[in-house]
Amino acid sequence: MSATVSPSSDRPYGLAAVCRIWNISRATLYRHRTPASARPEPRRRSPIGPMPDAELVERIRATLSASPFHGEGHRKIWARLRVAGVRTSRRRTLRLMRENDLLAPSWTGAPKGPRNHDGTIIPDTIDVMWGTDMTTIWTQEGQSAVFIAIDHHSGECTGIHAARRGTRFEALEPIRQGVRRCFGVFAEKVAIGLSLRHDHGSQYMSDVFQNEIRFLGIESSPAFVRAPEGNGCAERFVRTLKENLLWVQTFETVEDLRQALLEFRDLYNKTWLLERHGFMSPNAVRAKALANAAIAA
Numbered sequence: 001m002s003a004t005v006s007p008s009s010d011r012p013y014g015l016a017a018v019c020r021i022w023n024i025s026r027a028t029l030y031r032h033r034t035p036a037s038a039r040p041e042p043r044r045r046s047p048i049g050p051m052p053d054a055e056l057v058e059r060i061r062a063t064l065s066a067s068p069f070h071g072e073g074h075r076k077i078w079a080r081l082r083v084a085g086v087r088t089s090r091r092r093t094l095r096l097m098r099e100n101d102l103l104a105p106s107w108t109g110a111p112k113g114p115r116n117h118d119g120t121i122i123p124d125t126i127d128v129m130w131g132t133d134m135t136t137i138w139t140q141e142g143q144s145a146v147f148i149a150i151d152h153h154s155g156e157c158t159g160i161h162a163a164r165r166g167t168r169f170e171a172l173e174p175i176r177q178g179v180r181r182c183f184g185v186f187a188e189k190v191a192i193g194l195s196l197r198h199d200h201g202s203q204y205m206s207d208v209f210q211n212e213i214r215f216l217g218i219e220s221s222p223a224f225v226r227a228p229e230g231n232g233c234a235e236r237f238v239r240t241l242k243e244n245l246l247w248v249q250t251f252e253t254v255e256d257l258r259q260a261l262l263e264f265r266d267l268y269n270k271t272w273l274l275e276r277h278g279f280m281s282p283n284a285v286r287a288k289a290l291a292n293a294a295i296a297a
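All residue numbers for the sequence shown refer to the UniProt record's numbering, where the first residue is 1 and numbers rise by one.
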């Protein structure tokens, strides 16, 4: 099917598009394309451990079914197994998920031009840099705007909001939520030392938005033009939000959407795993950072 020519574009569909539509990983497709007789002989494996392959596969399936998120790969499944007390290796988890077609589909984008920065944007502690962004979704009432705020260090969703219109006033709501959540009070200069990474959208560059974050002591940090990776933490959260909520559920009203977003924020902060922090949740990363700060003080 990947070689079939599209009647609308007069171009082949391509393997990546077909795998994306069928929701399968390309690794699974290539494995089924290769005859079993042509596959290389596996190297000698390490000791199997106390749990045989068949039982471990069932535990993997149960972990995938119990996870509140879609598209988790073998590394996060391995981490969730460890939390559940199942001791196995990451390579064995990968092998069993590959053999049983349980790998998560993944898509890698092609470079669009030279990099504008070296990618080292993750700060060393919490409440140093937040990122904010916006996306849209359709409800029965029409198109609605979704605004989010993310801590670049912990990956924590500090604020989330939905509104019928995506104005500069609505864009401020996640920031207000985050300030109350992380600083305990909404007051002048309460967030000194915090930078806010955002794009050059009219909501974020408006005087109303800039004046309010300046009142709070937040420094504006616009991303490079046409370089969304400059706010990669916020962009990645928007993708997670779409894959696990916005694209899999429908909403009657904006209020229904807003309540679902708040529930997702709490679920994400509590159970989402961050590999760069040793598979800790955003809440756990914040708690650890606060404990370290208390010890240092």
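No residue lacks a Cβ here, since even glycine has one placed at the ideal position from N, Cα and C.
- The beta strand (DSSP E) runs lying completely inside the region 78–153 and spanning 3 residues or more are 129–139, 142–151, given in chain order.
- With fewer than 16 other beta carbons inside 10 angstroms of its own, Ala84 counts as exposed.
- As computed with DSSP, Cys157 is found in a beta bridge with Ile150.
- For the region 158–219, the continuous alpha helix (DSSP H) assignments of 4+ residues that do not extend past its boundaries occur at 168–171, 173–183, 202–205, 207–215, in sequence order.
- Cβ neighbours of Leu267 within its own chain (closer than 7 angstroms, five residues either side excluded): Pro68.
- Rounded to whole angstroms, the gap between the alpha carbons of Leu241 and Thr4 is 33 angstroms.
- Note that the C-beta distance between Leu103 and His74 is below 8 angstroms.
- When the beta-carbon positions are compared, Arg265 and Ile160 come within less than 8 angstroms of each other.
- Ile122 is positioned such that its CB atom lies no closer than 8 angstroms to that of Ala234.
- Comparing C-alpha distances from His200 to each of Val190, Cys182, Ala162, Met134 shows the shortest one belongs to Met134.
- The beta-carbon separation of Ala79 and Leu273, rounded to 6 angstroms, stays under the 8 angstroms limit for a contact.
- Of the candidates Met97, Asp101, Leu196, the residue whose Cα lies closest to the Cα of Ile24 is Asp101.
- Between Ala162 and Ser144, the C-beta gap is smaller than 8 angstroms, which places the two residues in contact.
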